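This report concerns only the one structure given below.
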Amino acid sequence: MGSGCGYKGLRLDRISQQEAETLERPFTEEEIYVALMEMNGDKAPGPDGFTMAFWQSCWDFIKEEIMEMFKDFYDHSSFLKSLNNTFLVLIPKKSGAEDLRDFRPISLLGGLYKLLAKVLANRLKKVVGKVVSTSQNAFVKGRQILDASLIANEVIDTWQKQKEKGIICKLDIEKAYDNINWKFW
Numbered sequence: 001m002g003s004g005c006g007y008k009g010l011r012l013d014r015i016s017q018q019e020a021e022t023l024e025r026p027f028t029e030e031e032i033y034v035a036l037m038e039m040n041g042d043k044a045p046g047p048d049g050f051t052m053a054f055w056q057s058c059w060d061f062i063k064e065e066i067m068e069m070f071k072d073f074y075d076h077s078s079f080l081k082s083l084n085n086t087f088l089v090l091i092p093k094k095s096g097a098e099d100l101r102d103f104r105p106i107s108l109l110g111g112l113y114k115l116l117a118k119v120l121a122n123r124l125k126k127v128v129g130k131v132v133s134t135s136q137n138a139f140v141k142g143r144q145i146l147d148a149s150l151i152a153n154e155v156i157d158t159w160q161k162q163k164e165k166g167i168i169c170k171l172d173i174e175k176a177y178d179n180i181n182w183k184f185w
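In this text, residue positions in the sequence shown follow the UniProt record's numbering: the first is 1, and each later residue adds one.
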């Protein structure tokens with residue numbers, strides 16, 4: 001693996017061969033247990049009816065079955081469709097909510113699906129900073145969404161000191177993700 005690659009002027013680092021092998025290795029009992037214990041046990045249960053606290057407290061009794069599920073996922077690169085069954089629940093944003101936009105939808109996922117996602121996320125967060133552009137300021141360890149505001153303030157300050165003119169456009173798009181057309185085909 002080389003030191004970097006690019007696409008249309010965007011420069012990204014590459015992960016090392018060792019990092020790639022770490023991402024692709026079979027799951028270990030230790031990494032699954034660590035991920036499980038990092039999770040909040042008091043969240044609402046999903047369709048399976050079990051909270052994370054259940055999986056945490058019963059680990060010694062059920063770890064063989066959980067390890068088998070992770071082994072199957074590793075071997076076949078897929079999981080049972082029922083594993084990601086979800087309950088969609090509408091939570092009112094205010095009392096007397098009547099209109100659909102007065103509700104906040106939340107998805108209640110099953111505990112084993114959340115555990116799988118956590119284990120994968122723990123692996124990915126070790127390398128994501130290398131392959132995500134430095135202009136992405138949120139959701140990468142060591143970066144803050146506030147960084148974008150600080151950079152904008154520095155640009156304005158520099159313009160003022162150098163008596164330059166400039167334009168900055170700040171967009172606050174309400175419910176931006178709700179308005180995106182997700183049909184990519």
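All C-beta atoms in this analysis are idealised placements derived from N, C-alpha and C, irrespective of residue type, glycine included. Being a predicted model, the structure only gives us computed values, none of them experimental.
Which one or two residues does DSSP pair with F103 in a beta bridge? As a working mapping, residue 103 is identified with position 103 in the sequence shown. Answer is P92, bridged to F103.
Taking L23 as the reference, give the member of K163, V128, T134 and L150 with the closest Cα. As a working mapping, residue 23 is identified with position 23 in the sequence shown. Of K163, V128, T134 and L150, the residue nearest in Cα terms is V128.
Of the residues F73, S78, S107 and S77, the one placed nearest G46, counting alpha carbons only: The residue you call residue 46 lines up with position 46 of the sequence shown. For G46, the closest alpha carbon among the candidates F73, S78, S107 and S77 is that of S107.
Do L112 and W59 count as a contact pair if the criterion is CB distance below 9 Å? On the sequence shown, residue 59 is found 59 positions in, with the first residue counted as 1. On the sequence shown, residue 112 is found 112 positions in, with the first residue counted as 1. No, they are not a contact pair.
List the residues that DSSP assigns as beta-bridge partners of L108. Along the sequence shown, one-based indexing puts residue 108 at 108. Beta-bridge pairing links L108 to F87.
Do you know whose CA, among A152, V34 and D75, lies nearest S135's CA? For the purposes of this step, residue 135 is taken as residue 135 along the sequence shown, with counting starting at 1. When each option's Cα is compared against that of S135, the closest is A152.
Considering only the alpha carbon of each residue, which of I145, S57, F139 and P105 lies closest to K93? Your numbering for residue 93 matches position 93 in the sequence shown. Residue P105 is the option with its Cα nearest to K93.
For D42, does the three-state DSSP call read helix, strand or coil? Here the question's residue 42 lines up with position 42 in the sequence shown. Reduced to three states, the DSSP call for D42 is coil.
Where do the ends of the alpha helix (DSSP H) carrying K161 lie? For the purposes of this step, residue 161 is taken as residue 161 along the sequence shown, with counting starting at 1. L146 to K161 is the span of the alpha helix (DSSP H), which, as asked, contains K161.
Taking only the alpha-carbon atoms, compute the straight-line gap between N84 and D72 and give it to the nearest angstrom. Your numbering for residue 84 matches position 84 in the sequence shown. Your numbering for residue 72 matches position 72 in the sequence shown. Between N84 and D72, the C-alpha separation is close to 15 Å.
Does DSSP put D13 in a helix, a strand or coil? Looking up residue 13 in the sequence shown gives position 13. The answer is strand: DSSP assigns D13 an E or B state.
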